[in-house]
Amino acid sequence: MDPASYLPLTRGQFRLLKISPAPLLADPIIRLETFSFEDAPLYVALSYTWGDNAETFGPVLCLPGGQRVFVRKNLYTALLRCQTDLRMNNISWVWVDALCINQHDPVDKATQIPLMDQIFDKADHVIVWLGVGTILEEKALERMSSLAKAIQSLIQMKSQVTWFQALSMLPNIFPTPDELDFWHAFMEIIAKPWFNRTWVVQEACTHTSMTLILGDSTSISFQDLSDVTWKPSRDAQKSLSKRLALRYNYDLEQIQRARPRKLISLVQKHFADLLSAFSDLANLRALKDSSSAIFTHYMYRAFRGRECTLEEDRLYAMIGVMKPTLKAGITVDLLRSVRDTYLIAARHWWLNDPELSFLHWIHSDHVDKISRLWLPSWCLDFSFMENYPIVFSGIDSDSSYGAGLGKQRQFQTQSPRKTVSMITQARPPLPLKLRDIPFWRGRSVEFGHKGSLRVSAIFADTVSNVVAPTTFPYVSWRGFLEDKPNKSDVRDALRWLDECENLSKHTLGDEGLSDAFWRTMVINKRNLAKQSSHSTDVFFEDERRPSYLGVREAFRTDIGRIRQLRDDRHAYFEDLGTTLEYVFFATTGGRIGRASGSIQAGDEVVIFHGAKTPFLLRRVRGTSDLYKLVAELYVHGLMQGEVFEPESKAYMKEYIII
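For the sequence shown, full-length UniProt numbering assigns the number 1 to the initial residue and increments by one for each residue that follows.
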């Protein structure tokens with residue numbers, strides 16, 4: 001739209017688009033008006049994808065004054081479809097970002113982007129335009145909608161029936177894995193660009209009433225689609241994925257000849273990613289108005305790996321979802337470099353998150369190694385793109401999506417007798433759309449270790465030596481939690497612990513290394529480094545420091561206690577098998593700990609002001625006051641910082657982290 005058509009806005013104002021009735025198949029007639037949130041009429045917010053930058057502009061819209069406005073084809077078809085929905089709901093106003101924000105004015109964008117969460121929140125409902133679908137796709141979505149409504153009706157009739165029980169009572173409604181035509185169409189639907197766009201996170205978690213529209217007449221609520229997609233059992237998903245892989249193998253045999261295992265892996269990965277995305281969005285929506293620190297975790301998970309056209313979109317979209325206390329003071333300034341805004345936002349989140357849950361995602365199991373290379377050690381690179389080949393419409397073997405598929409690596413599972421071939425990309429390529437953007441092409445230079453963070457922390461301890469790098473053996477501790485533990489695994493584990501104790505010259509007071517290991521890593525599993533520590537967690541003294549004589553006696557006498565803990569906090573009892581990523585270490589204070597990644601003697605164990613989980617800092621060589629953040633830790637006896645007085649300044653130290 002001509003920039004001259006936009007009138008300046010005052011604080012708190014935004015624009016709405018009115019679509020006037022137009023003859024059938026004629027271009028809709030629109031006009032823009034300015035409102036405040038207090039006097040705005042009923043309106044709907046439109047969520048859609050802009051389309052490729054290289055896409056030719058679609059038909060024109062005619063304003064009452066005769067001005068011709070060029071819009072992209074996807075928006076044009078969305079506005080045509082919106083007319084029907086607006087008439088049905090007796091609403092004539094709609095908010096569309098491409099037209100209601102002056103895209104040519106950085107100042108207008110800087111004032112309107114922070115208001116997007118309010119704009120979507122105060123809308124009557126949100127319309128999601130998925131695009132024009134095929135007949136099979138529309139039928140598949142309609143069937144999913146019918147399934148969700150049938151289950152909800154059954155649950156209302158029988159109040160004690162759960163979602164899964166209702167599903168089992170409707171065996172003829174839920175599509176079976178053998179109905180490949182249906183599932184092929186459904187997978188095409190969930191592979192549409194809308195599901196992987198950055199701004200979708202903000203739009204989906206802001207409003208509780210979202211309607212997804214496909215084609216001329218098919219629609220389903222976001223909640224219904226989420227329910228019928230990610231609530232079926234994992235076994236059903238696996239069975240479905242295998243059958244889909246066979247179907248895709250048949251369709252793509254000229255491109256992916258003799259690669260059925262890879263196709264199975266790819267389909268399973270995409271399906272699992274979508275289920276995880278729906279779950280994260282649902283959790284974001286539920287936690288947005290609460291004070292839970294877990295909200296920050298789901299926010300990072302929801303944004304990582306999503307696509308965006310402009311490099312700053314992911315950052316500003318994430319700021320829009322933040323709680324008011326976390327985004328206050330972060331201004332949208334499109335004239336400022338993305339890197340500077342990123343560092344400002346990261347510092348702000350670090351210093352203002354009361355639980356410092358931001359730390360949980362830095363240099364921990366949740367962050368892949370590749371994404372750590374271009375930022376200061378205290379910054380999480382949520383901009384990193386995780387890409388996998390698109391298998392729904394064919395794979396271009398010459399594109400970057402197809403590159404690296406043949407690369408495999410061997411890794412050992414927790415059973416020393418099994419070696420599994422894992423399909424992986426040693427370095428996932430940047431998406432084709434972003435490869436030529438200077439920000440991405442040169443980010444290894446632009447995101448060099450610049451921008452330090454000055455923060456106070458309690459100096460707790462120092463690593464004295466690494467006592468047990470987990471290269472051998474690969475033992476599963478799952479048997480310790482089962483009714484019939486695997487005696488072979490237990491014997492191997494005890495033998496390994498004895499070897500570690502004999503090899504280590506460092507003793508832990510009157511206790512041996514195996515005793516400390518058992519209490520730290522097995523009895524006290526809830527405090528593992530891979531689990532974050534939140535204010536809602538309550539740890540009792542007898543659980544944190546059990547007084548057992550040794551590993552063997554603890555195993556014989558307290559298996560019932562372990563089962564009780566498992567029942568109480570089952571979510572924290574994951575497989576405790578060792579991996580190549582973990583090392584065990586001893587400290588000068590006589591403690592034992594566990595960390596992921598590299599750890600060296602001399603590294604400092606600290607507890608940041610406001611945090612409950614210890615972290616590891618390493619002094620930069622040749623400096624006296626510069627450190628890098630290395631890892632999140634579990635240190636026996638230091639979780640929650642219970643050995644220090646919170647107000648004590650004796651152990652406080654100021655660190656400059658780069």
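Glycine included, each C-beta is placed from N, C-alpha and C at the ideal position.
Quick one, are the C-beta atoms of Q633 and V605 less than 8 Å apart? This sequence places Leu at residue 633; Gln is not what is there. Closer than 8 Å, so yes.
Could you name the residues that DSSP lists as bridge partners for H125? Paired residue(s): V44.
DSSP state of I91, grouped into three classes? Looking at I91 - three-state DSSP - the assignment turns out to be coil, as it is neither helix nor strand.
In the DSSP assignment, what residue or residues form a beta bridge with S219? For S219, which the question treats as bridged, DSSP gives the partners I213.
With DSSP as the reference, please indicate the residues paired to G131 in a beta bridge. Answer is L214.
Cβ pair count under 8 Å reaching 3, the region 104 to 115 against the region 141 to 161: No, because fewer than three Cβ pairs between the region 104 to 115 and the region 141 to 161 fall closer than 8 Å, the two stretches do not touch.
Beta-bridge partners of S20, as assigned by DSSP: Residue pairing from DSSP places S20 in a beta bridge opposite I29.
Between the region 71 to 91 and the region 125 to 135, do at least 3 Cβ pairs fall closer than 8 Å? Flag = yes, the region 71 to 91 and the region 125 to 135 touch.
Between which two residues does the beta strand (DSSP E) holding K628 run? L626 to V635 is the extent of the beta strand (DSSP E) around K628.
If we call anything under 8 Å between Cβ atoms a contact, is R619 one with Y627? The answer is yes: Cβ separation under 8 Å.
Measuring only the C-alpha atoms, how far is L343 from L115? Distance between the alpha carbons of L343 and L115: 22 Å.
Might you give, ordered along the chain, the residues of its own chain that have their beta carbon closer than 7 Å to the beta carbon of C205, omitting 5 neighbours on each side? Hits under 7 Å: L281, L284, R285, K288 and V321.
Please report the straight-line C-alpha distance between V71 and D333, rounded to a whole angstrom. Those two C-alpha atoms are separated by around 26 Å.
Kindly list the residues whose CB is nearer than 8 Å to the CB of I319, restricted to its own chain and excluding five residues on each side of it in sequence; keep chain order. Hits under 8 Å: P114, K327, I330, V332 and A345.
Where S464 falls: helix, strand or coil (DSSP): Reduced to three states, the DSSP call for S464 is strand.
Suppose the cutoff is 7 Å on Cβ atoms and the five residues either side in sequence are ignored; what does the same chain contact list for N352 look like? Here the set comprises T325 and L326.
Using CA atoms only, rank isn't needed, just tell me which of A586, W378, W350 and K73 is closest to T49. Ranking the options by Cα distance to T49, first place goes to K73.
Starting from K653, trace the beta strand (DSSP E) in both directions and tell me its first and last residue. Run containing K653: M652 to I657, per the beta strand (DSSP E) assignment.
Three-state secondary structure assigned by DSSP to A328: Residue state, collapsed to three classes: coil.
C-beta contact flag for L225 and L214 at 8 Å: Result no, Cβ atoms of L225 and L214 do not sit closer than 8 Å.
Among the residues of its own chain, which have a CB less than 6 Å from the CB of S20, if the five just before and after it don't count? Shown here for S20: same chain residues with a beta carbon closer than 6 Å to its own, the five before and five after excluded, namely I29 in chain order.
Give the DSSP-derived three-state secondary structure of E307 in the structure shown. In the structure shown, E307 adopts extended strand secondary structure according to DSSP, grouped into three states.
Of the residues A40, K18, G12 and S145, the one placed nearest D108, counting alpha carbons only: Of the candidates A40, K18, G12 and S145, the residue whose Cα lies closest to the Cα of D108 is G12.
Whole angstroms are fine: how far does the CA of V44 sit from the CA of M210? Distance between the alpha carbons of M210 and V44: 10 Å.
Which of helix, strand or coil DSSP assigns to S598: Note: S598 maps to coil in three-state DSSP.
Excluding the 5 residues flanking L7 on each side, which residues of the same chain have their C-beta closer than 7 Å to its C-beta? Leaving aside the five residues that flank L7 on each side, the residues in its chain whose CB is nearer than 7 Å to its CB run, in chain order, T34.
Can you tell me whether P376 is buried or exposed, with buried defined as 16 or more other CB within 10 angstroms of its CB? Its Cβ being crowded by 16 or more others within 10 Å, P376 is buried.
Under a Cβ-count criterion, where at least 16 other Cβ atoms within 10 Å of its own Cβ denotes burial, should F37 be classed as buried or exposed? Exposed, because fewer than 16 other Cβ atoms sit within 10 Å of the Cβ of F37.
Three-state secondary structure assigned by DSSP to S456: S456: strand per DSSP, three-state reduction.
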